[in-house]
Amino acid sequence: MRDNTHILLPKSNEFSLKYVLSVLNSKLSNFIYWTVNPEKGEALAQVKLFHLGLLCFPKINTEAQQPFVEKADLLLTSNKKFQERKNKFLSRTNDNFEIKKVSKKLDDFYDYDFKTFVAELKKQKIKLSLIQQDEWEEYFNAYKNEINQLQYEINITDKKIDQMVYELYGLTEEEIKIVEGK
1 MRDNTHILLP
11 KSNEFSLKYV
21 LSVLNSKLSN
31 FIYWTVNPEK
41 GEALAQVKLF
51 HLGLLCFPKI
61 NTEAQQPFVE
71 KADLLLTSNK
81 KFQERKNKFL
91 SRTNDNFEIK
101 KVSKKLDDFY
111 DYDFKTFVAE
121 LKKQKIKLSL
131 IQQDEWEEYF
141 NAYKNEINQL
151 QYEINITDKK
161 IDQMVYELYG
171 LTEEEIKIVE
181 GK
């Protein structure tokens, strides 16, 4: 088993860490990283500091970094809420039904309909009465809608960050299509 834990520490205060986080997590950085990394597609491919060192961060002033910082904050907050809501639903489900093993469909319940949720419970020999189904359907749909809204906000924010990074590096429409695999 490989140990793939790395810590990046800034050498100066020139860059906000959230600016760096935004650029590092962009589609452009991902594209560049996998273009220079010969381990692409290999099982247990490692992140190497040498390859990360090939990623350049445009030097912009603190004020110009601020929109990236704000988007990073929004992403961090939205992802935290997403995980909290998902975990709360799964915790309540487990508290009420003592789930033996959380299947992929139960874990990603927000991607499915209530009928699929009930079918997954049945696989665990858990049968809901009609009254329970009525109660749980409302509960399920409330969480599903909230989580899907958070996922939508996360995706939109990710796309906005990608666009900001493309502008930062001065990419053309043609270059953007290459990065996005279109």
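Under UniProt numbering, read the sequence shown as residues 1 to 182, first letter to last.
Heads up, the beta-carbon is just placed ideally off N, CA and C, and yes, glycines get one too.
Note that the structure is a prediction, hence the values are computed from the model and not measured.
Per-residue DSSP class, three states only, for residue i
i: Asn148; result: helix
i: Tyr169; result: helix
i: Gln163; result: helix
i: Pro67; result: helix
i: Asn37; result: coil
i: Val102; result: coil
i: Phe82; result: helix
i: Asp108; result: coil
i: Leu128; result: coil
i: Met1; result: Residue confidence is low: Met1 scores 39 on pLDDT, short of 50, so the model does not pin down where it sits. Its coordinate-derived value is still stated next. In the structure shown, Met1 sits in coil (DSSP, three-state: anything other than H, G, I, E or B).
i: Phe15; result: coil
i: Lys59; result: coil
i: Asp158; result: helix
i: Leu90; result: helix
i: Ser26; result: coil
i: Asp113; result: coil
i: Leu9; result: coil
i: Lys182; result: coil
Nearest candidate by alpha-carbon position, reference residue i, set the options
i: Tyr19; options: Cys56, Trp34, Phe31; result: Cys56
i: Glu70; options: Lys144, Lys160, Trp34; result: Lys160
i: Leu21; options: Phe68, Tyr152, Ser12; result: Phe68
i: Gly181; options: Asn13, Asn30, Val23; result: Asn30
i: Ile60; options: Lys104, Val23, Ser129; result: Val23
i: Glu175; options: Ala64, Ser16, Thr62, Lys27; result: Lys27
i: Gln66; options: Leu168, Lys177, Ile178, Val179; result: Leu168
i: Ile147; options: Gly170, Glu138, Tyr110, Lys105; result: Tyr110
i: Asn79; options: Gly170, Leu171, Thr172, Leu150; result: Leu150
i: Asn87; options: Tyr33, Tyr143, Leu75, Asn13; result: Tyr143
i: Ile13; options: Thr62, Lys101, Pro58, Leu130; result: Just to set this straight, residue 13 is Asn in the shown sequence, not Ile. When only C-alpha atoms are compared, the closest one is Thr62.
i: Leu74; options: Asp108, Asn37, Tyr152; result: Tyr152
i: residue 187; options: Thr93, Trp34, Pro58; result: Residue coverage of the chain in this structure runs from 1 to 182, which leaves residue 187 outside it and unanswerable.
i: Ala72; options: Asn145, Asn25, Arg92, Lys101; result: Asn25
i: Ala64; options: Ser91, Phe15, Thr93, Val36; result: Phe15
Cβ distance (whole Å) where residue i is taken to contact residue j below 8 Å
i: Phe140; j: Phe114; result: 5 Å
i: Lys105; j: Tyr112; result: 6 Å
i: Leu128; j: Val118; result: 6 Å
>> I want to know whether the region 78-87 touches the region 114-134 - three or more CB-CB distances under 8 Å.
In response: No: the two stretches stay apart, fewer than three of their Cβ pairs being nearer than 8 Å.
>> Taking 8 Å as the cut-off, does the region 154-166 touch the region 121-129 (at least 3 CB pairs, one atom from each stretch)?
In response: Under the 8 Å Cβ criterion, the region 121-129 does not count as touching the region 154-166, having fewer than three qualifying pairs.
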